[in-house]
Amino acid sequence: MTAQRIYDTVADDFSRVNDLIIQRLSSDVPLVEKIAQYIIESGGKRLRPLLVLLSSQAAGYGQNDHLKLAAVIEFLHTATLLHDDVVDTSDMRRGRSTANARWGNAPSVLVGDFLYARAFEMMVELKSLPIMEVLSRATAVIAEGEVMQLMNVKNPDLTEDQYMQVIHNKTAMLFEAASHTGALLANANEEQALGLKNYGKHLGLAFQLVDDILDYRGDAEAMGKNVGDDLAEGKTTLPLIHAMAHGTEDERQLIRQAIRKGGLDELPRILEIVERSGAIEYTMTRAREQAALAASCLKCLPETAHKEAMVLLTDIAVARVS
Numbered sequence: 001m002t003a004q005r006i007y008d009t010v011a012d013d014f015s016r017v018n019d020l021i022i023q024r025l026s027s028d029v030p031l032v033e034k035i036a037q038y039i040i041e042s043g044g045k046r047l048r049p050l051l052v053l054l055s056s057q058a059a060g061y062g063q064n065d066h067l068k069l070a071a072v073i074e075f076l077h078t079a080t081l082l083h084d085d086v087v088d089t090s091d092m093r094r095g096r097s098t099a100n101a102r103w104g105n106a107p108s109v110l111v112g113d114f115l116y117a118r119a120f121e122m123m124v125e126l127k128s129l130p131i132m133e134v135l136s137r138a139t140a141v142i143a144e145g146e147v148m149q150l151m152n153v154k155n156p157d158l159t160e161d162q163y164m165q166v167i168h169n170k171t172a173m174l175f176e177a178a179s180h181t182g183a184l185l186a187n188a189n190e191e192q193a194l195g196l197k198n199y200g201k202h203l204g205l206a207f208q209l210v211d212d213i214l215d216y217r218g219d220a221e222a223m224g225k226n227v228g229d230d231l232a233e234g235k236t237t238l239p240l241i242h243a244m245a246h247g248t249e250d251e252r253q254l255i256r257q258a259i260r261k262g263g264l265d266e267l268p269r270i271l272e273i274v275e276r277s278g279a280i281e282y283t284m285t286r287a288r289e290q291a292a293l294a295a296s297c298l299k300c301l302p303e304t305a306h307k308e309a310m311v312l313l314t315d316i317a318v319a320r321v322s
C-alpha cells in the first residue's frame, strides 16, 4: 500500500475536512484570511488530521464530528508553524516562502493566534470535556517544547535524552493528541484509547527522527528546505549528538564549534563526519524502533482497513530515507 492508498482509505472524509478548514478560515479581516489560507494551502501532508480520521474510525466511530476534530488539529498545527517560522527566522517552508518572509513577523504571529482561537472555538462545539482536556494540555506541552528548543539553540551539550524530550513535546505531542482524541471521540475502551494515544506518540517520534536524518541526507527540492538547515540554526539533533560521541576529538570539537556558531561554513566536513561515524544508521535504528512500537500499539484494535492503513503508515514514516 502506497501513501496515496492510505489517504484513499478516508478519501471522502479527507476532502470534507479540507472544505471545512477553508470554511472556518473565514474572517472579516482580509489579511487574516489571506495569510491563514496561504499557510493552510501550502501543500502539507495533513498527517495529523489524517490520524484523527483513521484512529476514530479504527475505534468504530460512525458519525461526523471527526471532521471537525480533524480541522481543529490542523488549525493547532498550522498555528505552531506560523509561530515556529518567526522564532526560527525561517524564510522557506515546503518549497515556498514562509508567511513571515512575505508579510512580516507581526502579522504571522497574530494570525497564528487567530488560528489557535478558532481551533478552541471549534473544540468547544464538540462538547467533550475529555477532548478539550487532551488538546489544551497538548497545546501547553507543544509551547513548552518550543521554549526548550529555543533554550538549547547553539548548545552542543544537549544529551540524547534531552533531545528526545524536546522532539516529544515539540512534534510527537500533536500526533499523540490527534490519535488519542480520535479514540475519545469514538468512546473507545480504556485499552484502545491508551493504545491509540501511544501509537501517535511513537509515530510522531519516528517521523521527527527521520526528518532529522533528512537534514543531513535529504533532497532539498523534495523536502522544501535546504540540507543543513538545522545546523545553520544551531540545532543539536540526534545525528550530531551521535557523531560527537563517536568521532575523533578533532571532529567533536569541529561539530561543537559549528553548533555554537550556526551557519553552514563547515557543512561539507560535518556531512562527512556524520556519515562516517554511523550517526545516520544509529538515528535510523531509533526511528525504526519507534515505528515498530507504534505498530505494536494497534494490537488491541479489530482488523479493519483503517487499522491496516495505520500500520502501513508506520512503514512509510521510516521509508523516506534513501
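Okay, so the sequence shown: first residue is 1 according to the UniProt record's numbering, each after it adds one. The beta carbon of each residue, even a glycine, is placed where N, CA and C say it ideally should be. All values derive from a computational prediction rather than experimental measurement.
Contact between the segment 93-101 and the segment 144-164: three or more CB pairs below 8 Å?
Cβ pair count under 8 Å is below three, so no.
From the DSSP output, read off the bridge partner residues of S97.
Along the sequence shown, read from residue 1 onward, the residue named residue 97 stands at position 97. Partner(s): M92.
So K68 is in the alpha helix (DSSP H); what residue range does that whole segment cover?
Position 68 of the sequence shown holds residue 68. Unbroken alpha helix (DSSP H) run through K68: D65 to V87.
For M122, I'd like the list of residues in its chain whose CB is within less than 8 Å of its CB, leaving aside the five on either flank, ordered along the chain.
As a working mapping, residue 122 is identified with position 122 in the sequence shown. Excluding residues within five positions, the ones whose Cβ falls inside 8 Å are R24, K68, A71, V72 and F75.
Measure the alpha-carbon distance for F114 versus K45 and round it to whole angstroms.
Numbered from 1 along the sequence shown, position 114 holds the residue referred to as residue 114. Numbered from 1 along the sequence shown, position 45 holds the residue referred to as residue 45. Using only the alpha carbons, I get a separation of about 22 Å.
Going straight from the alpha carbon of L214 to that of V111, what length do you get?
Position 214 of the sequence shown, counted from the first residue, corresponds to residue 214. Position 111 of the sequence shown, counted from the first residue, corresponds to residue 111. Cα to Cα, L214 sits roughly 29 Å from V111.
Sorted by chain position, which residues of the same chain lie with C-beta nearer than 7 Å to Q192's C-beta, five sequence neighbours on each side aside?
In the sequence shown, residue 192 corresponds to position 192, counting from 1. Here the set comprises A59, A183, C300 and L301.
With C-beta atoms as the reference, is A188 less than 7 Å away from A138?
To locate residue 188, count along the sequence shown from 1; it is residue 188. To locate residue 138, count along the sequence shown from 1; it is residue 138. Not closer than 7 Å, so no.
Would you tell me roughly how many angstroms separate the C-alpha atoms of V274 and L240, rounded to the nearest one?
Reading the sequence shown from its first residue, position 274 is the one you call residue 274. Reading the sequence shown from its first residue, position 240 is the one you call residue 240. Approximately 7 Å between the Cα atoms of the pair.
Among S128, R118 and A79, which one has its Cα closest to the Cα of P107?
As a first step, residue 107 must be located in the sequence shown, where it is residue number 107. The shortest C-alpha separation from P107 is found at A79.
Check each candidate in L203, L158, C297 and A245 and name the one with the smallest Cα separation from R260.
For the purposes of this step, residue 260 is taken as the residue at position 260 of the sequence shown. With distances taken between Cα atoms, R260 lies closest to L158.
Pairing CB atoms from the segment 158-174 with CB atoms from the segment 26-44, are three or more of them under 8 Å?
Because the criterion of three Cβ pairs below 8 Å is not met, the segment 158-174 and the segment 26-44 do not touch.
Is the segment 265-285 close to the segment 234-248, with three or more CB pairs under 8 Å?
Touching, yes.
Should T98 and D84 be called a contact, given that it needs their Cβ atoms to be closer than 7 Å?
Taking the sequence shown and counting its residues from 1, one reaches residue 98 at position 98. Taking the sequence shown and counting its residues from 1, one reaches residue 84 at position 84. No. Outside cutoff.
Give the DSSP-derived three-state secondary structure of K127 in the structure shown.
Against the sequence shown, residue 127 aligns to sequence position 127. Three-state DSSP puts K127 in coil, outside helix and strand.
Does DSSP put D113 in a helix, in a strand, or in coil?
Sequence index remark: in the sequence shown, residue 113 carries index 113 (1-based). Helix, per DSSP.
Please report the straight-line C-alpha distance between M1 and L312, rounded to a whole angstrom.
Here the question's residue 1 lines up with position 1 in the sequence shown. Here the question's residue 312 lines up with position 312 in the sequence shown. Annotation note: pLDDT 48 at M1 (below 50); position unreliable, coordinate value reported separately. Going from the Cα of M1 to the Cα of L312 covers about 7 Å.
Determine the closest residue to E251 out of K201, P156 and H180, with distance taken between C-alpha atoms.
Walking along the sequence shown from the start, residue 251 turns up at place 251. Nearest option by C-alpha distance: P156.
On a Cα-Cα basis, can you pick out the residue from K307, A245, I255 and E249 that is closest to D230?
Reading the sequence shown from its first residue, position 230 is the one you call residue 230. When only C-alpha atoms are compared, the closest one is I255.
Would you kindly report the start and end of the unbroken alpha helix (DSSP H) that includes L53?
To locate residue 53, count along the sequence shown from 1; it is residue 53. Unbroken alpha helix (DSSP H) run through L53: L47 to A58.
Assign E281 to one of three DSSP states: helix, strand, or coil.
By one-based count along the sequence shown, residue 281 stands at place 281. Helix.
According to the Cβ coordinates, are L174 and A294 closer than 7 Å?
On the sequence shown, residue 174 is found 174 positions in, with the first residue counted as 1. On the sequence shown, residue 294 is found 294 positions in, with the first residue counted as 1. No; because the gap between Cβ atoms is not below 7 Å, this pair is not in contact.
Return the CA-CA distance between Q253 and A319, expressed in angstroms with no decimal places.
Taking the sequence shown and counting its residues from 1, the one referred to as residue 253 is at position 253. Taking the sequence shown and counting its residues from 1, the one referred to as residue 319 is at position 319. C-alpha separation (whole angstroms): 32 Å.
I need the boundaries of the alpha helix (DSSP H) containing T181, first residue and last residue.
What you label residue 181 is simply residue 181 of the sequence shown in a count that begins at 1. Taken as a continuous stretch (DSSP letters only), the alpha helix (DSSP H) holding T181 covers M173 to L185.
Tell me the residue span of the alpha helix (DSSP H) that contains E160.
Working through the sequence shown from its first residue, we reach residue 160 at position 160. Note, E160: alpha helix (DSSP H), E160 to I167.
Going straight from the alpha carbon of L47 to that of I21, what length do you get?
As a working note, residue 47 is residue 47 in the sequence shown. As a working note, residue 21 is residue 21 in the sequence shown. Their Cα atoms are separated by approximately 14 Å.
If you follow the alpha helix (DSSP H) that E251 is in, where does it begin and where does it stop?
Along the sequence shown, read from residue 1 onward, the residue named residue 251 stands at position 251. Residues E249 to K261.
Please determine, among H306, S56, D211 and K127, the residue with the shortest C-alpha to C-alpha distance to K197.
Your numbering for residue 197 matches position 197 in the sequence shown. Selected option, being the one with the closest Cα: S56.
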